[in-house]
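What follows is a single structure, written as structure tokens, with notes after it.
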Amino acid sequence: MTTVDVDELVSRIQFSPRPHSGPRRARALMIQGTSSDVGKSMVVAGLCRAFARRGLVVRPFKAQNMSNNAAVASDSDLPPGADGTRIRGEIGRAQALQARACGVAPSIHMNPVLLKPQTDIGAQVVLRGRVLGNCPARIYHHMRQRLIPAVLDSFERLAAEADLVLVEGAGSGAEVYLRASDITNMRFAEAADLPVVFLSDIDRGGTMAALVGSYVLLNEGDRARVVGYLINKFRGDFSLFEPGCRTITEQTGWPFLGVLRWFPGADRLPAEDSLALERAAAASRGRLKVAVPRLQRVANFDDLDPLVAEPDVDLRWIQPGSPIPGDVDVVVLPGSKATRIELDLIRREGWDVDIHAHVRRGGRVVGLCAGFQMLGRVVRDPMGIEGPPGETAGLGLLDIETEISGDKRLVEIDARDRLSGRRVAGYEMHMGRTIGAGLDRPWLLLEEGAGEPRPEGAVSADGRVMGGYLHGLFGGDDFRSAWLTQIGAATSGLDFEHRVEQTLEALADHCESNLDLDALLALAR
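Each residue of the sequence shown is one higher than the one before, starting from 12 at the first, in the working numbering.
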């Protein structure tokens, strides 16, 4: 992976600070976790919707997010593309969902720093929608404190337009060895003068140790900033744990602010972290069997949520070490931040053999973004953007080839499926240019202004292998219904966007019934 040193990366930081005068308008409250995956993102989303329903202008904020599940923002610090196309920024999927919960468009200021992992020790660094470069963890550790002015500026922009800003921490708030360079937990809370609520996940066990241990590790100033703690994901009779809460409060002095019982609709909302893909799959339901290889750097995997929601679809993530079953109807290759690395993985796992056997049996294959690139003859990365410079043979199922380039295409798209004529909407988010005779049979026709539609993607001559760069297309109910009908599956009439809205409403109801929102609002300052 091509990297740059700290000074060069910092030289690329470009932002225009907004002049501020007087006290900020918004109250703010920060939710930190005792560890990763305790439910911070979901709780913040629920509180965003609950407080917005009370008539408050609410905004979410997370200074730094590490996720390959990204969303297109409505704004950007980026100049137009070479063809004049307005280029938008990107933020973590969780903050885009929280923005939706607030009833507003997602903004780059809601998640000013996004890290998109490409290797075990390195990530692409995105600042306010702009890619700075690829950076090993040890270099980013030294440079991130130089991002604080931009992060604080983004926070202040949101605070200037809102009544309440709900701030989400990252990972554990008690990783004190990182505090000197921290931009997203206690050091940020100090810089922005935020009250902090700790959230712990009792479902995984160890809540008492996690909360008391966090108290022990924090310095006196950070302890004093904590205004209380919440227990998340509780099942059963809470009275049995009340003595535990008394012990936690006796040991820390932090008041117990409430318990959020298990929310059964959590799996109906987009997951932020690919850790969600490691959990056990639900029991088989549908007749249409869809297999998705679990890639190392899988990205934008929420593309497949609408298919999971269909009753006649049985979608399974195939973990490394397991073959792709021979009885599946469709294999989907999802997006990824490291296309050539994933092709190596596919060959190590023998999935390339499974996929070719699947095609010979008449099965279907769909490639999304990086998955589309993998279906071609070759993927070249001469600049080493995603890894060591070089090229890797693709699966050869489409007559295309791709070169990873330095320019990132990040735009919202309206399109029409060439086969069914159904309209779809989504976004492109990729680095790479694809060429080849296979593009003469496009999958989609992109509608850009008053000109002729632009072909996008490719379909094999027999129509059973297809791929393209458009993310989010399965979220289109008409398209999804036509696609399922074409391959012999029953359709349900599911309104997927309405389903997400219903789940956000149910999550807000859940927060209302489990927590004292007036007390939480009083703690914000």
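Note that the Cβ used here is the ideal one computed from N, Cα and C, for glycine as well.
Since we're looking at a predicted model, the values are computed, not measured.
Scanning 436, 84, 174, 98 for the CA closest to the CA of residue 314 turns up 436.
The count of Cβ pairs closer than 8 Å, one atom from the segment 356-364 and one from the segment 416-424, stays below three, leaving the stretches out of contact. In this structure, DSSP gives residue 260 a helical state, which the three-state scheme calls helix.
Taking 8 Å as the upper bound for CB-CB distance, residue 449 and residue 410 are in contact here, some 4 Å apart. Excluding five sequence positions before and after residue 452, the CB atoms of its chain that fall closer than 8 Å to its own CB belong to 469, 470, 471, 472, given in chain order. DSSP, read as helix, strand or coil, puts residue 203 in helix. Leaving aside the five residues that flank residue 263 on each side, the residues in its chain whose CB is nearer than 7 Å to its CB run, in chain order, 222, 223, 226. Bridge pairing for residue 188: absent [DSSP]. Excluding residues up to 5 positions away in sequence, 281 lie with their Cβ nearer than 7 Å to the Cβ of residue 316 in the same chain. Pairing residue 399 with residue 126, the inter-Cα distance amounts to about 19 Å.
Beta-bridge partners assigned by DSSP to residue 41: 178, 207. C-alpha of residue 255 to C-alpha of residue 219: approximately 7 Å in a straight line. Taking C-alpha positions only, residue 201 is separated from residue 306 by approximately 38 Å. Per DSSP, residue 113 is one residue of the alpha helix (DSSP H) stretching across 104-113.
About 13 Å separates the beta carbon of residue 530 from that of residue 38, a gap too long to meet the 8 Å contact definition. Burial state of residue 123 is buried, judged by a 10 Å Cβ sphere holding 16 or more other Cβ atoms.
In the three-state scheme derived from DSSP, where H, G and I count as helix and E and B as strand, residue 439 is classed as strand. Rounded to whole angstroms, the gap between the alpha carbons of residue 465 and residue 79 is 27 Å.
In this structure residue 84 is in contact with residue 118, their Cβ atoms being roughly 6 Å apart against a cut-off of 8 Å. Contact check for residue 415 and residue 396: beta-carbon distance about 5 Å, within the 8 Å limit, so the pair qualifies. When secondary structure is reduced to three states using DSSP, residue 479 falls in the strand class.
Taking C-beta separations shorter than 6 Å and ignoring five residues to either side along the sequence, the partners of residue 344 in its chain run 378, 382, 385, following chain order. The segment 358-421 contains, as complete alpha helix (DSSP H) runs of 4+ residues, the segments 362-371, 381-385 (chain order).
Segment contact: the segment 173-189 against the segment 133-144, fewer than three CB-CB distances shorter than 8 Å; contact not assigned. Below 8 Å, too few C-beta pairs join the segment 519-526 and the segment 347-356 to call them touching: fewer than three. According to the DSSP assignment, residue 77 belongs to the beta strand (DSSP E) that extends over 75-77. Taking C-beta separations shorter than 7 Å and ignoring five residues to either side along the sequence, the partners of residue 438 in its chain run 83, 422, 423, 424, 482, 483, following chain order.
Annotation: residue 214 to residue 269 spans about 15 Å, alpha carbon to alpha carbon.
Between the segment 486-502 and the segment 316-335, the count of C-beta pairs closer than 8 Å reaches three or more; the two stretches touch. Considering only 168, 99, 133, 171, the residue with the shortest C-alpha distance to residue 140 is 99. With a beta-carbon spacing of about 5 Å, residue 173 and residue 68 fall inside the 8 Å limit used to define contacts.
The Cβ atoms of residue 467 and residue 478 do not sit closer than 8 Å to each other. Check the Cα spacing between residue 194 and each of 72, 253, 311, 97: the tightest is with 72.
When C-alpha distances from residue 234 are compared across 153, 370, 276, 260, the shortest belongs to 260. With contacts defined by Cβ atoms closer than 8 Å, residue 236 and residue 207 form a contacting pair. Residue 302 and residue 500 have their C-alpha atoms some 15 Å from each other.
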